[in-house]
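Under the numbering used here, the first residue of the sequence shown carries the number -10, and numbering increases by one thereafter. For reference, the structure discussed in these notes is given below.
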Amino acid sequence: MEIQRKQTLQVKGQFLPNFNQYGIIDRDFLIRQIKLQLQDNPYPVNTAGWTRRTIEIKTLVEEVKLSHWQSQFLNELKHLGVNDVDLWHGSHIIVQDDGVLYSRWSRMTQAIRRVSSHYKKSKVRQYGLPFGTYQFLFGKTSPHGCSWFQMEAHAFNPQAIIQDPRNGLGIVLEHGEDFLKYRITGENVGPFGFSPHTETNNPIILPFTNVSRRYLTNTSKPVTRQKTAVSKGLKLKRPIRTF
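As structure tokens, this is what we get:
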């Protein structure tokens, strides 16, 4: 029997197999549903939208019922220059810090070892910090590179299936759904919306300022910093906005 070739659909440069012929899923229906979600949780493109979305996210974060360490951690991110919209919409963010933040965060007792599709050539362990059903994923761009992170709507953690088969499997499957959303839209999927700032498309790159260094030093014991060069080729840039 002749094996039919998989047909693909191109949307914003991404490809999704045509599962219709296998009787697995209605591809067109899936695309319509995901586009509707994108319309409901878009990335702001003007001042009014940015202000409105910031207020909405603050309300949503309150419903997460953060613990003390989680609140402190989010405050730390604000001192790095990370805003609520980019964080909770899942923007991919790189900090030019020689890996200082990675060293600091990976030592936290709450850090869980993770695997992901990001920076496969880096060969640096990746970690996740839990925020309810959401997870803060972070790693390094290279062994001697910069810290990177993004907030995920659902974490990919196979160990969760062993620890809690029912809920763990559900979260892993939802992570797979988020991956499909990414493939269709070309945008990252955060807990409260989508973001055009991905690892491969206009990631947000922030400087590691003296203000950030002083804040980290004053809030806890400073992390020993290795004298390594900042990854080459990373230019400072903020999200390109039209306002």
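Just so it is clear, CB atoms sit at the ideal spot from N, CA and C, and this is done for glycine as well.
Cα-Cα separation, residue i to residue j
{"i": "residue 121", "j": "residue 90", "result": "22 angstroms"}
{"i": "residue 115", "j": "residue 203", "result": "26 angstroms"}
{"i": "residue 61", "j": "residue 93", "result": "14 angstroms"}
{"i": "residue 206", "j": "residue 173", "result": "42 angstroms"}
{"i": "residue 30", "j": "residue 185", "result": "12 angstroms"}
{"i": "residue 104", "j": "residue 144", "result": "10 angstroms"}
{"i": "residue 119", "j": "residue 140", "result": "10 angstroms"}
{"i": "residue 11", "j": "residue 52", "result": "Here residue 11 scores only 41 on pLDDT, less than 50, and its place in the model is too uncertain to base an answer on."}
{"i": "residue 190", "j": "residue 175", "result": "9 angstroms"}
{"i": "residue 233", "j": "residue 72", "result": "In this structure the chain extends from -10 to 232, so residue 233 is not present and cannot be described."}
{"i": "residue 74", "j": "residue 59", "result": "17 angstroms"}
{"i": "residue 43", "j": "residue 96", "result": "30 angstroms"}
{"i": "residue 65", "j": "residue 201", "result": "8 angstroms"}
{"i": "residue 49", "j": "residue 98", "result": "26 angstroms"}
{"i": "residue 47", "j": "residue 170", "result": "24 angstroms"}
{"i": "residue 211", "j": "residue 55", "result": "Note that residue 211 scores a pLDDT of 38, beneath 50, so its modelled location is shaky; the value from the coordinates is reported in the next line. Between residue 211 and residue 55, the C-alpha separation is close to 25 angstroms."}
{"i": "residue 57", "j": "residue 38", "result": "30 angstroms"}
Extent of the continuous alpha helix (DSSP H) to which residue i belongs
{"i": "residue 66", "result": "57 to 68"}
{"i": "residue 141", "result": "Counting along the chain, residue 141 falls outside any alpha helix (DSSP H), though it belongs to the beta strand (DSSP E) covering 136 to 141."}
{"i": "residue 47", "result": "36 to 53"}
{"i": "residue 91", "result": "89 to 95"}
{"i": "residue 74", "result": "73 to 77"}
Which listed residue (the options) has its alpha carbon closest to that of residue i
{"i": "residue 32", "options": "180, 88, 137, 86", "result": "180"}
{"i": "residue 236", "options": "99, 191, 135, 64", "result": "Because residue 236 is not part of the residues shown, which for the chain are -10 to 232, the question remains open."}
{"i": "residue 127", "options": "70, 79, 38", "result": "79"}
{"i": "residue 110", "options": "98, 117, 124, 133", "result": "133"}
{"i": "residue 137", "options": "74, 192, 58", "result": "192"}
{"i": "residue 76", "options": "55, 142, 38", "result": "142"}
Beta-carbon gap between residue i and residue j smaller than 8 angstroms
{"i": "residue 81", "j": "residue 177", "result": "yes"}
{"i": "residue 197", "j": "residue 85", "result": "yes"}
{"i": "residue 69", "j": "residue 195", "result": "yes"}
{"i": "residue 83", "j": "residue 130", "result": "yes"}
{"i": "residue 107", "j": "residue 45", "result": "no"}
{"i": "residue 117", "j": "residue 101", "result": "yes"}
Limits of the beta strand (DSSP E) - the one that residue i falls within
{"i": "residue 103", "result": "101 to 103"}
{"i": "residue 178", "result": "177 to 179"}
{"i": "residue 120", "result": "115 to 120"}
{"i": "residue 112", "result": "From DSSP, residue 112 is part of no beta strand (DSSP E); its letter is neither H nor E."}
{"i": "residue 183", "result": "182 to 184"}
{"i": "residue 123", "result": "123 to 129"}
{"i": "residue 132", "result": "No beta strand (DSSP E) contains residue 132, which DSSP labels as neither H nor E."}
{"i": "residue 196", "result": "193 to 196"}
Chain B within 8 angstroms of residue i, Cβ atoms only
{"i": "residue 81", "result": "Absent from the structure: chain B. Only one protein chain is present."}
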